[in-house]
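Shown next, in structure tokens, is the structure this report addresses.
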Amino acid sequence: MPDLAAPLIAWYPRIARDLPWRRPGFGAWGVLVSEFMLQQTPVTRVVPHLEAWLDRWPTPAALAADAPAEAVRQWANLGYPRRALWLHRAATEIRDRHDGVVPRDVEALLALTGIGDYTARAVAVFAYGDRHPVVDTNTRRVLARAVDGRSQPGPPNTRDLAAMTLLLPEDDTDAAIVNAAAMELGATVCTARSPRCQACPLADRCAWRAAGHPDTGDERRRQARYEGSDRQARGAVLKALRDAPDHGIRHDDVLTDWPDTLQRDRAIDSLIVDGLAEVSEGLLRLPS
DNA sequence: AATGCGTGGTT
DNA sequence: TAACCAAGCAT
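In the working numbering, the protein residues as written are 111 to 398.
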């Protein structure tokens, strides 16, 4: 396998975007919150929300002291609002099990609600500087192309972590840079649709480029249509609840103009199942 | 392990 | 314009 670490380490400091969570001393809690927000939400949408969140809740204990409803409101339109609930739950777990300090061990991080393989290692590496493989969708695409010569990554699997480990230098700091650089490369140069190989530090050793950018047929599962979907209905109901008074609103007053009443009711029920809504004294509201 | 889960910008 | 895409996770 070609040496990918050296060119990434040389490239990264020149082009790395100035992002809040990359500032020295940003703090583990800030990194943790940023990673929750970045799960499937683009960087540019996250930045302002992250700063507002940390201004309001500078520590896990501060967040845990407020109701989940407040987390869901503050989450606003970031999408996938279950993440707000999970982040609140994780903050509570950090307060109760870790004395309010974001854990450093990957195993302990994995045990927190809403934290999986990616986020656990991202926190351990970017907040604490430890040496672990951090593999997100960008890194998987970079490796699929540069190493395997494929146009897109397949579905995530346990071998991804082993593949990334092979690339990491021994030094902790360098390893963290390689992790960050692979993600940055995938996000800004080796993009899914129109990669800019002229700007790529790995171009001279990329298997996919050497093979002439073949379409290797690695198609993603098609994303379901959003317009008219249950997801859209859930989003609309939740927005109504965010905008409603704390004590809630009558079931029949939720989204009165929604075209499909059955779909609206289905959305309400599923939000209750997910813990994003609750019924109290006959009124529907965000979770207390 | 395949599926469901928001929202908005880009092509 | 419809489809694609975006620092994943839990079930």
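Note that the Cβ used here is the ideal one computed from N, Cα and C, for glycine as well.
Can you tell me whether residue i is buried or exposed? The criterion is at least 16 other CB atoms within 10 Å of its CB, across all chains shown.
i, result
"PRO123", "exposed"
"ARG332", "exposed"
"HIS242", "buried"
"ARG306", "exposed"
"ILE287", "buried"
"ALA377", "buried"
"ARG127", "exposed"
"ILE125", "exposed"
"SER339", "exposed"
"ARG330", "exposed"
"ASP215", "exposed"
"ALA272", "exposed"
"ARG207", "exposed"
"ARG166", "exposed"
"GLU337", "exposed"
For residue i and residue j, I'd like the C-alpha separation in whole angstroms.
i, j, result
"GLN373", "ALA343", "7 Å"
"LEU142", "ASP375", "34 Å"
"GLY392", "LEU276", "57 Å"
"ILE119", "HIS198", "36 Å"
"HIS357", "LEU253", "50 Å"
"PRO152", "GLY140", "17 Å"
"THR229", "GLU203", "16 Å"
"ALA302", "ASP282", "29 Å"
"ARG193", "ASN267", "22 Å"
"ALA291", "ALA334", "31 Å"
"ARG205", "PRO168", "13 Å"
"ASP362", "ARG395", "13 Å"
"ARG155", "VAL257", "31 Å"
"GLU280", "ARG231", "16 Å"
"LEU195", "ASN289", "28 Å"
"VAL347", "PRO134", "40 Å"
"VAL212", "ALA162", "20 Å"
"ARG260", "ASP325", "8 Å"
"ALA309", "GLY264", "24 Å"
"ARG341", "ASP367", "17 Å"
"VAL299", "ASP176", "41 Å"
"THR223", "ALA200", "5 Å"
"SER380", "ALA313", "47 Å"
"ALA321", "PRO311", "17 Å"
"TYR238", "ALA138", "7 Å"
"ALA234", "ASP240", "6 Å"
"ARG149", "LEU219", "The sequence given here has Gln at residue 149, not Arg. C-alpha separation (whole angstroms): 16 Å."
Determine which residues share a DSSP beta bridge with residue i and list them.
i, result
"GLU388", "ARG395"
"ILE359", "LEU394"
Rank the options by C-alpha distance to the C-alpha of residue i and give the top, closest one.
i, options, result
"SER304", "ARG319, ALA290, ASP314, ARG315", "ARG319"
"PRO117", "LEU173, ALA201, ASP284, PRO369", "ASP284"
"VAL389", "LEU351, ASP165, ALA194, THR326", "LEU351"
"THR249", "TYR238, ARG231, LEU222, ALA297", "ALA297"
"GLU294", "ARG330, ASP340, VAL244", "VAL244"
"SER398", "ALA174, ARG214, THR247, LEU220", "ALA174"
"ARG269", "GLY327, VAL299, ASP227, VAL233", "ASP227"
"ALA115", "LEU129, LEU148, CYS316", "CYS316"
"GLY385", "GLU145, VAL182, ALA172", "VAL182"
"ILE382", "PRO191, TYR336, ASP165", "PRO191"
"GLY189", "ASP367, ASP176, HIS159, VAL216", "HIS159"
"GLN262", "TRP368, ASN187, HIS323", "HIS323"
"LYS401", "GLY327, PHE136, ASP240, GLN184", "Within the shown structure, residues of the chain are numbered from 111 to 398, placing residue 401 beyond reach of any answer."
"VAL157", "ALA172, ASP113, PRO130, ALA171", "PRO130"
"PHE236", "ASN187, ASP328, ARG166, GLU145", "GLU145"
"ASP113", "HIS208, ASP165, MET274, ALA221", "MET274"
"MET111", "LEU278, GLY327, GLU337", "LEU278"
"MET147", "ALA179, THR247, ASN187", "ASN187"
- For the region 188-262, which segments carrying the alpha helix (DSSP H) assignment without a break, of at least 4 residues, lie completely within its bounds, in sequence order? 192-207, 216-220, 227-236, 247-256
Going residue by residue through the region 118-177, where are the continuous alpha helix (DSSP H) segments of at least 4 residues, counting only ones entirely within it? As summarised for the region 118-177, the continuous alpha helix (DSSP H) elements at least 4 residues long and confined to that stretch are 138-148, 153-166, 170-174, given in chain order.
Segments of 4+ residues assigned as alpha helix (DSSP H) that fall wholly inside the region 289-346
317-320
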